[in-house]
Structure formats: C-alpha cells, structure tokens
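Asker: Have a look at this one.
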Ligand SMILES: [Zn+2]
Ligand SMILES: [Zn+2]
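Numbering (this note's numbering), first residue to last: 197 to 641.
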C-alpha cells in the first residue's frame, strides 16, 4: 500500500523545501486546498517575510488532512469537558468509544482512568509506545472560547486536549495501515500527568512498559511557533521536588519578644538562606531553581506564633545535586533554629524525575522530522524547567520526547501554559498527527 511506505509522498514534500519555488508552492497549495483568496494572499505575503519557516505548513499529507476536521472536533469536545487528574472517567469513556470503532485496535485499561490502544502490525517487529496525557488543571478558564470549559474551576490549560486528539487521529489513520506495519504500537492515553505522584508511575508499576522497545512523547508548547519541533538530546525537563519546612519556635506577646522564640524571624532567615544554595552551593553552570511558594503563620497582629510553615519547590537536572539538596536544606534549617533554641520539621517529597532523551533516538527522530517537514522544522531547545511525569516511563528502554510549537503571535495565541487565558493554535495539531504517523511508519517498517 502506497500510504504505508510514504516514499512518493516524501518526495512530494521535498519539492517544497527549495526557495526558488516557494510562490509556485503556495499556488499549488492554493489549488490543492482550495484556500480562500484572503488566505492565499496571506500565505503569499508570508513568503516575503519568512518563507522557509512558514512553508513548513505545506507538508501535511492527504491522510492527515482528511482526519483533521474530526481531530479538531475531538479536541474541542475534550476542551469543553475537562477532568482533573485521576478523575478522567468521561474522557476515558469518550476515548474508548472512539477507539473501539477502529479496526484492529485492542483496548486495555491498566488503571481506573486512561486507556492503552494496542495496534499489532501484520508482521513481527519492535514494540513502541506513544504517550499522550489526558488530564486537565484546577483553573477557572477565562479564554472566551465558544467551546470553553463547561466545568467550573477545571480547564485544559496545558494542551493535553490537543495531545489526546492528535494521538486519536494518528490511531485512526494507522489502524488502516496494519498490513504494512511490522511490530506493535501502544497508544497510551495517560491519566494524571498534572498531579504527583502522577499516572505514569502507576502505569509503569502495573507493567505498561513490559516488552516495549522504544518510548515516545510529545508536548505542545506555547514557547515555539506553530509547526516547529523543539529537539534536545539528554536532559530535557527538570526534576521537580517539593520541600516542606515547619519552623517551631515559642509564641508569645508581641510586646515581649524577649520571652519568645520568634518563628517568623527564623523563617525569614530560612527563606533567605536557602536562596544561597543556588548561588553558593551549586556550580554556576548547572541549572537549578529553589523557590519558596507558601508561608503560613499567625492569627493576629499582636501575637507571635509558635510555628511557621514554609512550602516550596526545587528544579534540578543533575541527579547528584537532586540527592544533595535535602541535606543542604535541612542543615540550613537546623542551624538557624538551633541558634534560637528552637526546633523544626523538614520533609523533602520527590516529584517527577528529569526527562532524558536518548542521544541516538533523538538524532534519528530529528532526521526523520527534517526529512518529512524540511530542515527548518527542527531547532535546538534549552532545558525546560517544568516537570513531566513521562519520566516515570523511562528506564525501561530508550525514549524521545519532543516539543511541538503551538504559539501564534498573529492570532494572539501567546499565553503560557497553566494560565486561565491559555490557548493553543489548532493549526499545530496537524503537525503532531503527521509526526506520530511518520514515526510509527518509520519504526515499524
Ligand atoms: Zn501542565
Ligand atoms: Zn502538560
């Protein structure tokens, strides 16, 4: 089947990456996609500004174009009906209904929510797992979208609705290509990415990675322009851990501080002192963040409280530094509280580990993306400070996680993730679907 090998289509794509034919290419696309005059003129005007980058959008295959209407419909349905981590029951039912209509797909639930769709090719080969996360966030949406969240206080503000719809679209396309695939693909619609301990760790414990040879992930990003793939070998996201400190002094009357052990003053010293971890205890070349995000104490303006509660988070890339942090922090807290004859409680709660991309697989995927989308479609990215629970699926086999741009300044789609105004450029979804399909065809060929 021609659609499986993709050779003819790839040749077609390459024709579009030569600067001399850009305007012809736009004309061809205008004919082929029956664009409106307005959109054609818009595309044409872009050729004069940033043609090479913009023309990334010309490489979407017919199979993907055909499913994009539905893909956007699915994404909007999911956006309108978001569910919090570990509570994605309606989302899972919705996905199972859609997936069960596909030929050759076997569904398996490992946890209460989330589902794995297994597609076995006609011939033996490697097993790969593609992961999309399906959960939303406890945020009140303020986008004004016609398909904004119907659930008060819950919003798809991280693009997981897009991840889910893209992978459902890829499964739809690839289920028709079973005869040409060698091996097995597991489409993991994963629950609870946003809420530690995370769904990925639970699934890894329950065996979702058993027999998997390669692992792949993708996140839409509001940092990068639509259709561009941010690639990084090695550490991609930080390890994200939480610390909790209770400074335990002795309360009293605000008029007589000499009779108390002032927990607030000690806590203030702790907050400042732990900032020196970044500047004095870790090499300047190493990315690290230590942030205090909550301080709670006191009941009245004239009472010195017994205790102050401090909560914050750390972001690290080096496992060695991650291991050192709790002791350094506790030493600081102990030192400060001991000088005022006081005590403390300290907890360091491990969150998500760093996502680390396999070098060889990263290089292979970069080449694949450039082959199919053009050389300008990829770019190197710096390490990202947010965490990703995908990391819990690592360690079983090599993996590659890519960031796909979904930012569009012209459309005003510029808000960061986890923001009540967060939007994603739906034009980005076609690149994700195309990428998943290309990847599966390549790895199971
Ligand atoms: Zn998020
Ligand atoms: Zn996310």
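We put the CB at the ideal spot given by N, CA and C, even for glycine.
1) On a Cα-Cα basis, can you pick out the residue from 591, 304, 349 and 493 that is closest to residue 614?
2) Cβ of residue 613 versus every heavy atom of ligand 1: is any distance shorter than 8 Å?
3) Using alpha carbons as the reference points, say which of 353, 526 and 280 lies closest to residue 466.
4) Could you tell me if residue 250 is buried or exposed, where buried requires 16 or more neighbouring beta carbons within 10 angstroms of its beta carbon?
5) Could you give the first and the last residue of the continuous beta strand (DSSP E) run that contains residue 336?
6) Rounded to whole angstroms, what is the Cα-Cα separation between residue 367 and residue 472?
7) Out of 338, 447 and 421, point me to the one whose CA is closest to residue 275's CA.
8) Using a Cβ-based criterion (distance less than 8 Å to any ligand heavy atom), does residue 582 qualify as near ligand 1?
9) Say the cut is 8 Å; is the CB of residue 284 nearer than that to a heavy atom of ligand 2?
10) Using the beta-carbon count (16 or more within 10 Å), is residue 315 buried or exposed?
11) Tell me whether residue 694 is buried or exposed, calling it buried when 16 or more other Cβ atoms sit within 10 Å of its Cβ.
12) In angstroms with no decimal places, state the Cα-to-Cα distance between residue 606 and residue 618.
13) Kindly indicate the opening and closing residues of the beta strand (DSSP E) around residue 326.
14) Look at residue 352 and residue 328 and say whether their C-beta atoms are less than 9 Å apart.
15) For residue 554 versus residue 397, is the C-beta distance shorter than 9 Å?
16) Residue 351 bridges to which residues according to DSSP?
17) Buried or exposed, going by whether 16 or more other CB atoms sit within 10 Å of the CB of residue 621?
18) Check each candidate in 308, 287, 462 and 415 and name the one with the smallest Cα separation from residue 629.
19) Given a threshold of 16 other Cβ atoms within 10 Å of its Cβ, counted over all protein chains shown, does residue 631 qualify as buried or as exposed?
Answerer: Once the coordinates are examined:
1) Looking only at 591, 304, 349 and 493, the smallest Cα-Cα distance to residue 614 is reached by 349.
2) True, at least one ligand heavy atom lies under 8 Å from that Cβ.
3) 526
4) In this prediction, residue 250 scores a pLDDT of 44, lower than 50, which makes its location untrustworthy; no coordinate-derived value is stated.
5) Boundaries cannot be given for residue 336, as no beta strand (DSSP E) includes it and DSSP labels it neither H nor E.
6) 49 Å
7) Taking only the C-alpha atoms, the option nearest residue 275 is 338.
8) Checking every heavy atom of ligand 1 against the Cβ of residue 582, one is found closer than 8 Å.
9) False, no ligand heavy atom lies under 8 Å from that Cβ.
10) buried
11) Nothing about residue 694 can be reported from this structure: the residues present for the chain run from 197 to 641 only.
12) C-alpha separation (whole angstroms): 15 Å.
13) 319-329
14) no
15) Taking 9 Å as the cut-off, the beta carbon of residue 554 is found no closer than this to the beta carbon of residue 397.
16) 333
17) buried
18) 415
19) Counting Cβ neighbours within 10 Å, residue 631 comes out buried, since at least 16 surround it.
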